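Chemist:
Number of protein chains: 2
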Amino acid sequence: MSSRSRRGKVGGRQAKRAARQQRPADLVAFIERKIPYVEILDAEALELIEHNAETVLEEIGIDFKDFPRALDLFREAGADVDGERVRFPRGMCRQIIQASAPSEYTQHARNPARSVIIGGDRSVFVPAYGSPFVRDLDRGRRYATLEDFRNFVRLTYMSPGLHHSGGTVCEPVDIPVNKRHFDMVYSHIKYSDKPFMGSVTAPERAQDTIDMVKLVFGDAFVEENTVLTSLINANSPMTYDATMLGAATVYAEHNQATVISPFLLAGAMSPVTVAGTVTQILAEALAGMAYVQLVRPGAPVVFGTFAAAVSMQSGAPTFGTPEPSLILYAAAALARRLGVPFRSGGGLCASKIPDAQAAYESANTLQTAVLAGVNFMLHTAGWLEGGLTMGYEKFILDVDQASILAILLGGIDLSPNGQALDALREVGPGAHFLGASHTQKNFERAFYRSIVADNNSFEQWEQEGSLDAAKRANAIWKSMLEDYAPPPLDAAIDEALTEFMDRRKSEFADRDY
Amino acid sequence: MSSRSRRGKVGGRQAKRAARQQRPADLVAFIERKIPYVEILDAEALELIEHNAETVLEEIGIDFKDFPRALDLFREAGADVDGERVRFPRGMCRQIIQASAPSEYTQHARNPARSVIIGGDRSVFVPAYGSPFVRDLDRGRRYATLEDFRNFVRLTYMSPGLHHSGGTVCEPVDIPVNKRHFDMVYSHIKYSDKPFMGSVTAPERAQDTIDMVKLVFGDAFVEENTVLTSLINANSPMTYDATMLGAATVYAEHNQATVISPFLLAGAMSPVTVAGTVTQILAEALAGMAYVQLVRPGAPVVFGTFAAAVSMQSGAPTFGTPEPSLILYAAAALARRLGVPFRSGGGLCASKIPDAQAAYESANTLQTAVLAGVNFMLHTAGWLEGGLTMGYEKFILDVDQASILAILLGGIDLSPNGQALDALREVGPGAHFLGASHTQKNFERAFYRSIVADNNSFEQWEQEGSLDAAKRANAIWKSMLEDYAPPPLDAAIDEALTEFMDRRKSEFADRDY
Numbered sequence: 019m020s021s022r023s024r025r026g027k028v029g030g031r032q033a034k035r036a037a038r039q040q041r042p043a044d045l046v047a048f049i050e051r052k053i054p055y056v057e058i059l060d061a062e063a064l065e066l067i068e069h070n071a072e073t074v075l076e077e078i079g080i081d082f083k084d085f086p087r088a089l090d091l092f093r094e095a096g097a098d099v100d101g102e103r104v105r106f107p108r109g110m111c112r113q114i115i116q117a118s119a120p121s122e123y124t125q126h127a128r129n130p131a132r133s134v135i136i137g138g139d140r141s142v143f144v145p146a147y148g149s150p151f152v153r154d155l156d157r158g159r160r161y162a163t164l165e166d167f168r169n170f171v172r173l174t175y176m177s178p179g180l181h182h183s184g185g186t187v188c189e190p191v192d193i194p195v196n197k198r199h200f201d202m203v204y205s206h207i208k209y210s211d212k213p214f215m216g217s218v219t220a221p222e223r224a225q226d227t228i229d230m231v232k233l234v235f236g237d238a239f240v241e242e243n244t245v246l247t248s249l250i251n252a253n254s255p256m257t258y259d260a261t262m263l264g265a266a267t268v269y270a271e272h273n274q275a276t277v278i279s280p281f282l283l284a285g286a287m288s289p290v291t292v293a294g295t296v297t298q299i300l301a302e303a304l305a306g307m308a309y310v311q312l313v314r315p316g317a318p319v320v321f322g323t324f325a326a327a328v329s330m331q332s333g334a335p336t337f338g339t340p341e342p343s344l345i346l347y348a349a350a351a352l353a354r355r356l357g358v359p360f361r362s363g364g365g366l367c368a369s370k371i372p373d374a375q376a377a378y379e380s381a382n383t384l385q386t387a388v389l390a391g392v393n394f395m396l397h398t399a400g401w402l403e404g405g406l407t408m409g410y411e412k413f414i415l416d417v418d419q420a421s422i423l424a425i426l427l428g429g430i431d432l433s434p435n436g437q438a439l440d441a442l443r444e445v446g447p448g449a450h451f452l453g454a455s456h457t458q459k460n461f462e463r464a465f466y467r468s469i470v471a472d473n474n475s476f477e478q479w480e481q482e483g484s485l486d487a488a489k490r491a492n493a494i495w496k497s498m499l500e501d502y503a504p505p506p507l508d509a510a511i512d513e514a515l516t517e518f519m520d521r522r523k524s525e526f527a528d529r530d531y
Numbered sequence: 019m020s021s022r023s024r025r026g027k028v029g030g031r032q033a034k035r036a037a038r039q040q041r042p043a044d045l046v047a048f049i050e051r052k053i054p055y056v057e058i059l060d061a062e063a064l065e066l067i068e069h070n071a072e073t074v075l076e077e078i079g080i081d082f083k084d085f086p087r088a089l090d091l092f093r094e095a096g097a098d099v100d101g102e103r104v105r106f107p108r109g110m111c112r113q114i115i116q117a118s119a120p121s122e123y124t125q126h127a128r129n130p131a132r133s134v135i136i137g138g139d140r141s142v143f144v145p146a147y148g149s150p151f152v153r154d155l156d157r158g159r160r161y162a163t164l165e166d167f168r169n170f171v172r173l174t175y176m177s178p179g180l181h182h183s184g185g186t187v188c189e190p191v192d193i194p195v196n197k198r199h200f201d202m203v204y205s206h207i208k209y210s211d212k213p214f215m216g217s218v219t220a221p222e223r224a225q226d227t228i229d230m231v232k233l234v235f236g237d238a239f240v241e242e243n244t245v246l247t248s249l250i251n252a253n254s255p256m257t258y259d260a261t262m263l264g265a266a267t268v269y270a271e272h273n274q275a276t277v278i279s280p281f282l283l284a285g286a287m288s289p290v291t292v293a294g295t296v297t298q299i300l301a302e303a304l305a306g307m308a309y310v311q312l313v314r315p316g317a318p319v320v321f322g323t324f325a326a327a328v329s330m331q332s333g334a335p336t337f338g339t340p341e342p343s344l345i346l347y348a349a350a351a352l353a354r355r356l357g358v359p360f361r362s363g364g365g366l367c368a369s370k371i372p373d374a375q376a377a378y379e380s381a382n383t384l385q386t387a388v389l390a391g392v393n394f395m396l397h398t399a400g401w402l403e404g405g406l407t408m409g410y411e412k413f414i415l416d417v418d419q420a421s422i423l424a425i426l427l428g429g430i431d432l433s434p435n436g437q438a439l440d441a442l443r444e445v446g447p448g449a450h451f452l453g454a455s456h457t458q459k460n461f462e463r464a465f466y467r468s469i470v471a472d473n474n475s476f477e478q479w480e481q482e483g484s485l486d487a488a489k490r491a492n493a494i495w496k497s498m499l500e501d502y503a504p505p506p507l508d509a510a511i512d513e514a515l516t517e518f519m520d521r522r523k524s525e526f527a528d529r530d531y
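Here the protein sequences line up with chains G and U, keeping their order.
Offset between the first sequence (1-based) and the numbering used here: plus 18.
Offset between the second sequence (1-based) and the numbering used here: plus 18.
1. Could you tell me whether the Cβ atoms of P289(U) and A438(G) are closer together than 8 Å?
2. Would you say F239(U) reaches chain G, if we count a Cβ-Cβ gap shorter than 8 Å as a contact?
3. Cβ closer than 7 Å: which chain U residues qualify as neighbours of Q298(G)?
4. Could you please give the first and the last residue of the uninterrupted alpha helix (DSSP H) stretch that includes M215(G)?
5. Distance, Cα to Cα, A374(G) vs T323(G)?
6. Please indicate yes or no: does the CB of G448(U) lie closer than 7 Å to some heavy atom of the ligand ADP?
7. So if I threshold CB-CB distances at 9 Å, which residues from the segment 343–370 of chain G count as touching chain U?
8. Can you check whether the C-beta of N460(G) is within less than 8 Å of a C-beta belonging to chain U?
9. Decide if the segment 72–84 of chain G is in contact with the segment 295–315 of chain G; the criterion is three or more beta carbon pairs, one per stretch, under 8 Å apart.
10. Check whether the segment 414–427 of chain U touches the segment 278–286 of chain G, counting contact only when three or more Cβ pairs, one atom from each stretch, lie closer than 8 Å.
11. Note down, in chain order, each residue of its chain lying with its Cβ closer than 7 Å to the Cβ of D139(U), except the 5 sequence neighbours on either side.
12. V231(G) CB to nearest chain U CB: under 8 Å?
13. Residue range of the beta strand (DSSP E) that Y147(U) falls in?
14. Considering only the alpha carbon of each residue, which of R354(U), V320(U), G448(U) lies closest to Y123(U)?
15. For I80(G), which beta-bridge partners are listed by DSSP?
16. Give the residues from the segment 475–495 of chain U that approach chain G closer than 7 Å (Cβ to any Cβ), ordered along the chain.
17. Let me see if you follow: with CB-CB separation under 8 Å, is S288(U) close to chain G or not?
18. Count the other C-beta atoms from every protein chain shown that fall within 10 angstroms of the C-beta of R385(U), then say buried if there are 16 or more, exposed otherwise.
19. Output yes if chain G places a C-beta closer than 8 Å to the C-beta of H4(U); else output no.
20. Whole-angstrom Cβ separation of I250(U) and A238(U), contact assumed at under 8 Å?
21. For the beta strand (DSSP E) that A326(G) lies in, which residues bound it at each end?
22. For V417(G) and L485(G), I'd like the C-alpha separation in whole angstroms.
23. At which residue ranges does the segment 316–386 of chain G contain complete alpha helix (DSSP H) runs of 4 or more residues, listed in the order of the chain?
24. Could you name the residues of chain U that A535(G) contacts, counting a contact when the two beta carbons are closer than 7 Å?
25. Nearest by alpha-carbon distance to G236(U): which of A510(U), K523(U), V195(U) is it?
26. Flag this pair as touching only if the segment 332–350 of chain G and the segment 386–402 of chain G have three or more C-beta atom pairs under 8 Å; answer yes or no.
27. Any idea if P342(G) is buried or exposed, counting beta-carbon neighbours within 10 angstroms, 16 or more meaning buried?
28. Please look up how many angstroms separate the CB atoms of E102(G) and K83(G), rounded, as I've assumed it's under 8 Å.
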């Protein structure tokens with residue numbers, strides 16, 4: 019059976035189920051942006067930062083640790099390699115990237131209706147990534163398990179505001195570290211049909227991920243298309259390590275996408291100013307993306323950015339503050355000028371619980387990312403406590419925001435129906451529009467309906483138990499999990515995946531690193 | 019004593035006290051915007067809405083109820099007056115406004131260091147307005163009193179994120195309706211030195227406000243300058259009533275500023291689409307502002323917008339949703355094209371308590387207003403429950419956001435120090451920036467420090483009682499009120515104001531309307 023016919027069959031059944039579960043208009047695989055990008059800096063200012071980033075690459079250089087292949091490739095390409103330090107002639111990284119990196123790419127899902135385009139005027143919203151803990155109102159904070167992982171895959175599958183199943187939506191701490199990736203990849207395939215991310219914690223785990231997706235999509239399809247987008251963090255400042263480079267290499271060799279992400283807490287891992295931090299981000303991202311293009315020209319790369327500011331009092335990371343927003347606006351503009359897709363978070367916050375702090379901080383980051391022009395928004399939903407905790411209630415609150423942002427990106431309908439002159443003529447001064455024929459015709463889809471906001475009167479809200487938003491979200495995720503039905507998965511694929519996992523897991527001992 | 023020397027003396031003492039209370043950099047009277055405006059619509063789209071608004075004014079018209087003076091003025095200016103319905107030749111209102119309305123104006127505070135410029139690239143943040151209830155964690159929801167009113171004036175005075183003392187920060191329900199305005203105006207003068215708003219609930223109350231500010235600033239100063247900015251709501255759709263027109267007339271005659279605000283719940287008081295609602299807002303604002311210019315050419319007017327969407331399920335107002343954000347972006351752009359200052363909210367929300375719903379909704383509206391280009395942001399802080407309740411904790415949470423937004427509007431420092439190339443050179447790959455000389459030189463003012471966010475570790479947060487943001491805000495407002503010291507007020511002025519109030523209050527009986 020060819021990968022195409024296999025995918026077609028699975029997709030057909032899934033589409034039917036999805037149609038039953040969701041309203042037709044919710045079935046968008048990704049967002050097509052219809053509003054302009056918000057630009058904070060003008061071209062001259064962006065050129066200054068680009069110039070400074072080239073100065074960093076030329077004078078200071080980037081360390082590529084314990085990974086001779088990167089040194090060899092850069093040396094061959096014309097860089098100055100001194101030990102593990104690589105210095106780049108001005109413009110070299112940019113030229114390498116612009117010569118071959120695609121400005122956008124399709125990440126195929128096993129359900130073709132869920133395939134996403136990453137880049138250009140599209141936005142793809144992805145759940146949070148990497149938390150060792152989970153939290154809910156009933157059980158509080160605890161280590162995440164595989165069942166939690168599956169739950170977040172299920173919730174993401176059911177959330178029209180999220181387009182992508184993500185990667186390590188939480189760490190399944192009950193599974194040995196060196197075998198978790200099998201269960202994570204399998205769970206994304208089994209419990210969802212949205213696209214997902216691969217393992218990056220070791221090159222061999224990246225290879226296992228590739229082997230597993232080949233069982234789903236077929237060998238040839240994977241080598242010629244992109245079915246994974248995986249997260250490669252730089253070790254800021256100005257360093258890439260062997261683990262990340264190894265995983266990036268495996269994915270690039272198989273034409274799979276990587277998000278090359280400077281990950282920094284400004285003030286500790288970058289200068290204590292916005293412009294200095296943006297300069298470093300650009301330099302690091304350029305070097306990392308150039309490496310990927312040298313491994314396999316044309317392999318999709320995404321310009322990643324994760325920037326928080328440290329508290330200068332305690333050294334703790336802070337979120338939702340203005341400086342990371344300014345960094346994000348600038349970084350998004352630099353990615354557009356470079357011509358590659360852009361990634362940033364998301365619903366970031368330092369709060370331990372889904373309270374007002376969490377919401378202000380998350381909303382500030384979500385608004386900024388979306389307005390700046392994020393293509394791949396990691397950490398859209400669930401993030402708490404600087405990423406240490408994935409919150410069930412927080413997840414629900416955030417996916418509600420994700421749906422709000424999708425409508426914002428859709429802009430203003432200027433059709434004659436949108437202009438509504440007939441309604442204004444029909445109603446006139448002093449009357450109300452509720453019964454107008456234009457209102458009747460449009461009210462069903464007129465305004466966004468929050469899944470979690472309470473807009474009732476104080477008295478009614480009090481009568482219903484004076485619930486805060488987190489308590490309402492608690493009821494929602496439980497009800498969603500009760501209603502969950504998995505997307506169909508071809509039994510032969512399921513069996514092949516299980517067989518592969520069992521065999522591979524038996525080939526080496528459990529390990530906690 | 020001339021008004022100028024009187025104001026100079028008071029200002030001098032206050033400046034000294036303020037300098038003791040606040041860090042020097044916090045002492046900004048208003049925000050100078052250094053980032054571009056966020057434009058959602060292009061010129062062609064904005065022209066279409068302007069064209070449609072002129073169609074509304076020409077074909078449908080605006081009702082001016084029970085207020086013959088408006089009908090007379092518009093008739094003389096060339097409008098078609100049919101009963102109380104006024105229809106305007108295309109472009110007439112726009113021409114009247116553009117002929118005389120200032121694009122910006124100074125609203126003088128009794129402390130000259132607190133005077134604000136409203137319009138152009140400035141933003142002035144103002145507390146919430148009009149709630150009959152207040153809420154705090156200790157006492158819950160209850161009717162507001164004059165002491166609550168004074169408390170919010172005090173808290174606003176002490177909040178560097180707010181530039182203006184506002185107007186009816188809450189309704190002092192313990193004072194008869196027809197005498198409240200004396201106590202409100204007096205409290206703004208007595209307990210703060212920031213600029214404030216006047217009474218609009220009856221023309222004679224507007225006149226009392228004028229009489230009181232003349233006791234502070236002097237007669238001549240008031241007639242030639244603007245010391246009040248007051249809120250005139252339209253009775254949407256397409257109607258102005260005698261109360262609001264009466265107050266607007268009094269203020270305009272004395273050269274005092276008015277915010278002409280279509281106040282509407284889209285779907286009920288305007289069409290159920292964004293473009294239709296924006297069209298109506300523009301038509302209503304044009305007619306209202308033109309009226310003010312006919313009363314006194316040159317009297318400052320602000321283009322106001324308050325738009326929420328009604329829930330099409332329950333009819334309740336909703337906040338923080340995408341459609342009102344789109345409305346706000348469009349309205350701000352239309353105000354800029356017209357050439358007058360723009361007002362919008364603010365930290366709007368439907369939530370009854372300062373929970374995650376309140377924060378998401380407020381942040382969405384705050385971000386939008388600021389990015390769109392708000393000049394006078396009413397309802398910046400304290401708003402709960404669709405404006406029915408002023409929240410003590412919510413106020414603290416919101417003023418923290420106001421400070422964040424001020425920094426965002428300041429843009430990116432591209433000075434050599436901001437570029438931080440020296441820091442990048444000093445630290446280099448793999449090291450950290452905490453000890454770098456650039457960091458040491460800049461860390462004190464490097465990143466925004468939230469007054470209410472908890473960025474500590476989970477363990478430390480737990481040890482300190484697992485407080486949510488609202489509980490921390492509770493401690494903050496109490497501590498602020500304990501630390502409060504009033505700005506000095508010339509004893510002669512204080513006496514004159516008290517005498518005036520006592521006399522006027524004795525001239526008529528208490529009334530509950």
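Built from N, CA and C at the ideal position, the CB exists for glycine as well.
Note that the coordinates shown come from a computational prediction; the quantities given were computed from them, not determined experimentally.
Modeler: Taking the geometry as given:
1. Yes, the Cβ-Cβ distance between P289(U) and A438(G) is below 8 Å.
2. With 8 Å as the cut-off, F239(U) does not count as an interface residue toward chain G.
3. Result: L442.
4. Run containing M215(G): none; DSSP gives neither H nor E here.
5. CA-to-CA, the gap between A374(G) and T323(G) works out to about 25 Å.
6. Questions concerning the ligand ADP fall outside what the structure shown contains, since it holds no ligand whatsoever.
7. For the segment 343–370 of chain G, residues whose beta-carbon sits nearer than 9 Å to a beta-carbon of chain U comprise S343, L344, I345, Y347, A348, C367, A368, S369, K370.
8. At least one CB of chain U lies nearer than 8 Å to the CB of N460(G).
9. For the pair of segments examined, the segment 72–84 of chain G was found to touch the segment 295–315 of chain G: the number of CB pairs separated by less than 8 Å reaches three.
10. No, they do not touch.
11. Excluding sequence neighbours, D139(U) sits near E50, R51.
12. No, because no Cβ of chain U sits closer than 8 Å to the Cβ of V231(G).
13. Run containing Y147(U): none; DSSP gives neither H nor E here.
14. The option with the nearest alpha carbon to Y123(U) is V320(U).
15. For I80(G), which the question treats as bridged, DSSP gives the partners V104(G).
16. Cβ contacts with chain G come from F476, W479, D486, A487, A488.
17. Interface with chain G (8 Å Cβ-Cβ cutoff): S288(U) is included.
18. In the sequence under discussion, the amino acid at residue 385(U) is Gln, which differs from the Arg named in the question. Residue environment: Q385(U) is assigned as buried (16 or more neighbouring CB atoms within 10 Å of its CB, all protein chains considered).
19. With chain U running from 19 to 531 in the structure shown, residue 4(U) is simply not present.
20. With 8 Å as the limit, I250(U) and A238(U) do not qualify as a contact, their Cβ atoms being about 25 Å apart.
21. From DSSP, the beta strand (DSSP E) with A326(G) extends over 319–328.
22. Distance between V417(G) and L485(G), taken at the CA atoms: about 19 Å.
23. List check, alpha helix (DSSP H) in window: 340–356.
24. For chain G, the structure presents residues 19 to 531; residue 535(G) sits outside this window and is missing.
25. Answer by Cα proximity: A510(U).
26. Yes, since at least three Cβ pairs between the segment 332–350 of chain G and the segment 386–402 of chain G fall closer than 8 Å, the two stretches touch.
27. Here P342(G) is buried, its C-beta having at least 16 other C-beta atoms within 10 Å.
28. The Cβ separation is near 6 Å, so the contact holds.
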